[in-house]
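Notes for the one structure printed next.
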Amino acid sequence: MGKRKKSSRKPAAASAARRREPLDTAFTCLFCHHDKSVTVRLDRKEGVAQLACRVCDQRYQSKVNHLTEPIDIYSEWIDAADAAQKDDQAHRRPAASSSRLAPAPHYAGSDDD
1 MGKRKKSSRK
11 PAAASAARRR
21 EPLDTAFTCL
31 FCHHDKSVTV
41 RLDRKEGVAQ
51 LACRVCDQRY
61 QSKVNHLTEP
71 IDIYSEWIDA
81 ADAAQKDDQA
91 HRRPAASSSR
101 LAPAPHYAGS
111 DDD
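Position 37, counted from 1, in the sequence shown is what UniProt numbering calls 37; the numbers after and before it change by one each time, with no gaps.
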């Protein structure tokens, strides 16, 4: 039997281009605006992700699957905060209204005493 020929390998530069950069796991808090204060922990075995800000102690919890990354949980948190804010504004009454009836005048000579 003859010797095997060496297979031609791609140059090292091409393999470096395929290397994936790790995604961030620390993010900016929506509430206190501190950079890299929000961390996301994924527990794939339990199927739960927990997001927490170490400065203002804001927390968020979500379900995860095998494809979920920390940036996905952070994005869900942003969407949930936006939805909560819109819902709060929709249910809030206006601060001042001109359609209110004026209180009935109270006369000193009435028999209500």
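For glycine and all other residues, C-beta sits at the position ideal for the given N, C-alpha and C.
Between the C-alpha atoms of residue 4 and residue 80, what's the straight-line distance to the nearest angstrom?
Mapped onto the sequence shown, residue 4 falls at position 4. Mapped onto the sequence shown, residue 80 falls at position 80. Going by the C-alpha atoms only, they are around 59 Å apart.
List the residues that DSSP assigns as beta-bridge partners of residue 114.
The structure shown does not extend to residue 114, since the chain is modelled only from 1 to 113, so the question has no answer here.
Taking residue 66 as the reference, give the member of 75, 74, 45 with the closest Cα.
The residue labelled residue 66 in the question sits at position 66 within the sequence shown. Closest by alpha carbon: 45.
Specify the secondary structure class of residue 26 as computed by DSSP and reduced to three states.
Working through the sequence shown from its first residue, we reach residue 26 at position 26. In this structure, residue 26 counts as strand in the three-state DSSP scheme.
For the structure I just gave you, are there three or more beta carbon pairs, one from the segment 57–66 and one from the segment 82–89, closer than 8 Å?
The answer is no - the segment 82–89 does not touch the segment 57–66, with fewer than three Cβ pairs under 8 Å.
To the nearest angstrom, how far is the alpha carbon of residue 60 from that of residue 23?
One-based indexing of the sequence shown puts residue 60 at position 60. One-based indexing of the sequence shown puts residue 23 at position 23. Residue 60 and residue 23: Cα-Cα distance of roughly 19 Å.
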